[in-house]
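What follows is a single structure, written as structure tokens, with notes after it.
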Amino acid sequence: MSTTDQAICLRTTDYSETSQVVHFLTRGGGVVRLLAKGSKRPKSKSGGRIDLFSEGRCVFAGKSGSALGTLMEFSEMTSHSPLRRDLRRLNAGLFMLEACAALLGEGDPQPETFDLLHSVLARLGQADASPAAVLAYFQYRMLK
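Residue 120 in the numbering used here sits at position 110 of the sequence shown, and the numbers go up by one each step.
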């Protein structure tokens, strides 16, 4: 049985020459760990290599508990590339991803946290946004 959900990439790890393990925060399923077979190939079903901050729609076959699921398809909607062009924005964004990965349990749906991360990453990518202010807002909302 496959699941389709919105997802933001929190962490990636190389698994082999052509595959990677991807940790996604999904809107309906919380944090999921998925094996993206062949994702490092340019013409893979997952759309190529998946990077941190990538946001889109993923289709995956999940396992119960903390077992590794399989990513069947990933359609990137935004890469949040402006974050990679400014060190302060990049550091703030990486902090947010790590906080979500550390604080949220696997398979525990957190739609409010997904919506928060989605909105703060979008705001962080805007030229007029202060990275320190966006990060402070994120921290405040996570502690609430």
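Where is the CB? At the ideal position from N, CA and C, for every residue including glycine.
Spatially closest choice to residue i from the options, by CA coordinates
i, options, result
"residue 139", "152, 81, 150, 99", "99"
"residue 96", "68, 13, 136, 12", "136"
"residue 42", "72, 25, 91, 64", "72"
"residue 77", "83, 89, 115, 88", "115"
"residue 153", "87, 117, 113", "113"
"residue 87", "108, 53, 22, 128", "128"
"residue 26", "117, 59, 83, 108", "59"
"residue 22", "12, 13, 11, 34", "34"
Own chain, CB closer than 7 Å to residue i, minus 5 neighbours either side, in chain order
i, result
"residue 28", "48, 50, 51"
"residue 134", "93, 99, 102, 103, 141, 144"
"residue 130", "106, 144, 147, 148"
"residue 151", "126"
"residue 37", "15, 16, 121, 124"
Close beta carbons around residue i, own chain, < 6 Å, minus the five adjacent residues each side
i, result
"residue 44", "32, 70, 79, 81"
"residue 85", "66, 67"
"residue 24", "30"
"residue 132", "none"
"residue 117", "40"
Rounded distance between the beta-carbons of residue j and residue i, thought under 8 Å
i, j, result
"residue 40", "residue 119", "5 Å"
"residue 110", "residue 61", "The Cβ separation is near 16 Å, so there is no contact."
"residue 17", "residue 30", "With 8 Å as the limit, residue 17 and residue 30 do not qualify as a contact, their Cβ atoms being about 14 Å apart."
One or two residues paired with residue i in a DSSP bridge
i, result
"residue 81", "70"
"residue 116", "41"
"residue 18", "35, 65"
"residue 30", "24, 46"
"residue 2", "Absent from the structure is residue 2, since the part of the chain shown begins at 11 and ends at 154."
"residue 13", "70"
8 Å Cβ shell around residue i - same chain, five flanking residues per side excluded
i, result
"residue 89", "61, 63, 64, 65"
"residue 11", "71"
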